[in-house]
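Per full-length UniProt numbering: the sequence shown = residues 1 to 123.
Quick reminder that beta carbons are idealized off the backbone N, C-alpha and C, glycines included.
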Amino acid sequence: MEINNKQSRSEEITENYFKFLDQHIADVISGKTTDFLEINQIASELFISHQHLTDTIQQTTNHHPCYFYDYKIIEKAKELLLENEKSVAEIAKMLTYDPSNFSKFFKKFVGLTPGQFKKENKI
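Spelled out as structure tokens, the structure:
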């Protein structure tokens with residue numbers, strides 16, 4: 001019985017982390033929040049230690065929390081690039097990036113620059 005409680009707590013922490021990321025990224029894009037939080041700040045917001053958050057996410061998903069943070073930012077960037085008439089530079093600023101750093105970050109994960117991605121995925 002105790003293992004189930006521990007497992008469900010790990011799942012609860014993981015679920016709470018994902019929900020927090022979705023809301024936090026939305027808050028950054030809307031301007032409600034001006035900067036992305038560090039993982040240790042997110043852990044604090046979830047009322048757990050940085051180490052516990054990291055260990056739990058790695059245990060339940062086999063990935064570091066940063067992997068999902070970056071993944072969710074990239075997914076949101078893709079949405080913005082495809083749904084929006086905003087320039088790459090404007091989208092970079094919405095995501096609190098310098099445009100050149102945003103392009104490097106995006107290309108690292110997607111294999112294309114944001115401009116290339118937008119051009120290749122135009123409907």
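query: 4 or more residues per run - each alpha helix (DSSP H) lying fully within the UniProt domain "HTH araC/xylS-type" (15-120); result: 39-45, 50-61, 65-83, 88-94, 99-110 and 114-120
query: Buried versus exposed call for Ala26 [16 or more other C-beta atoms within 10 Å across all chains shown]; result: exposed
query: For Ile13, the three-state DSSP class (helix, strand or coil); result: helix
query: Euclidean distance between Cα positions of Lys104 and His52; result: 31 Å
query: Among Ser44, Ile13, Ile91 and Glu12, nearest to Ile29 - alpha-carbon criterion; result: Ile91
query: Spatial neighbours of Ile74 in its chain, beta-carbon cut-off 6 Å, leaving aside the 5 residues before and after; result: Phe109
query: Asn62 vs His50 beta-carbon contact at 8 Å; result: no
query: Pair within 8 Å by beta-carbon distance, Leu80 and Phe117; result: no
query: Nearest residue (CA-CA) to Pro65, options Lys119, Glu120, Val88 and Thr14; result: Thr14
query: Test item: CB-CB of Ser10 and Thr56 under 8 Å; result: yes
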